[in-house]
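Novice:
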Amino acid sequence: MIRQICYLSAASETMDALQLAHLAEQARRFNAAMQLTGLLAYGGGYFFQTLEGPRDNVCAAFGRICRDRRHHDIRLLQDDEVASRDFAGMRLALAELDVARLAAPERMFDARAIPMLVSALKHDLPAETRLHRVIAAA
Ligand SMILES: Cc1cc2nc3c(=O)[nH]c(=O)nc-3n(C[C@H](O)[C@H](O)[C@H](O)COP(=O)(O)O)c2cc1C
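Heads up, the final residue of the sequence shown is numbered 328 in my numbering, and it's a clean run with no missing numbers.
#1: Give a yes or no on whether the C-beta atoms belonging to ALA222 and ARG281 are separated by under 9 angstroms.
#2: If you follow the alpha helix (DSSP H) that VAL289 is in, where does it begin and where does it stop?
#3: Is the beta carbon of ALA251 within less than 8 angstroms of some heavy atom of ligand 1?
#4: Between LEU226 and ligand 1, is there a pair consisting of the residue's CB and a ligand heavy atom that are separated by less than 8 angstroms?
#5: Enumerate in chain order the residues of its own chain whose CB-to-CB distance from CYS256 is below 7 angstroms, with the five nearest sequence positions on each side excluded.
#6: How about GLN194 and ASP246: are their beta carbons less than 9 angstroms apart?
#7: I'd like the span of the beta strand (DSSP E) that includes ARG245, first residue to last.
#8: Apart from the five residues on each side of it in sequence, which residues of its chain come closer than 6 angstroms, Cβ to Cβ, to ARG218?
#9: So for GLN209, helix, strand or coil by DSSP?
#10: May I have the straight-line CA-CA distance separating VAL289 from PRO244, to the nearest angstrom?
#11: Which term fits HIS261, buried or exposed, when burial requires 16 or more other beta carbons within 10 angstroms of its beta carbon?
#12: Which same chain residues, not among the five before or five after GLU286, have their C-beta less than 6 angstroms away from its C-beta?
#13: Do GLY228 and GLN239 come within 9 angstroms of each other at the CB atom, strictly closer than that value?
#14: Just the Cα atoms here: how many angstroms apart are SER199 and GLY235?
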């Protein structure tokens, strides 16, 4: 079984494309070594990430993620055992998080809004993901 987590966090400062690319490059090195795959979406000052792989490796990576000062207010939205990966072959795809599409951003931290939010993000992302996969795989 594959463990899959999703979280949302607030960026500590506005990230430009270069900072984001640097962050993703660092993360991909870890992910490759730990058989992790996933997606990182950034927009409007928020990160949304899905990370998947062997249970203990996901746990170790999430520990490192939580200690990273580039973001704060990390909210674990989902922590599931899944039969297969959603982002197979992607060490960390990058996508744009369109905060405007969501309900008010502050509602992201409202527990009742979480299941809807996670499914909205997951359904929103595949087209973007394919695009970024091409870039990331280059
Ligand atoms: C938004 C965000 C996403 C991250 N994603 C990952 C990830 O997918 N995998 C991972 O191992 N670390 C991830 N990290 C953590 C950083 O890669 C890690 O903190 C950085 O490489 C420094 O690690 P070190 O201080 O343990 O050397 C993420 C950090 C942030 C802020």
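For glycine and all other residues, C-beta sits at the position ideal for the given N, C-alpha and C. As the structure is a prediction and not an experimental result, all values here were calculated from the model.
Specialist: Quick look at the numbers:
#1: yes
#2: Where VAL289 is concerned, there is no enclosing alpha helix (DSSP H), given that its DSSP letter is neither H nor E.
#3: Yes, since a heavy atom of ligand 1 falls inside the 8 angstroms radius drawn around the Cβ of ALA251.
#4: yes
#5: ILE264
#6: Judged by beta-carbon spacing, ASP246 lies beyond the 9 angstroms limit of GLN194, meaning their Cβ atoms are not closer than that value.
#7: Counting along the chain, ARG245 falls outside any beta strand (DSSP E), though it belongs to the alpha helix (DSSP H) covering 245–257.
#8: ARG281 and LEU282
#9: helix
#10: Whole-angstrom Cα-Cα distance: 30 angstroms.
#11: With 16 or more Cβ atoms within 10 Å of its Cβ, HIS261 is classed as buried.
#12: GLY233
#13: Against a cut-off of 9 angstroms, the Cβ pair of GLY228 and GLN239 comes out as a contact.
#14: 9 angstroms
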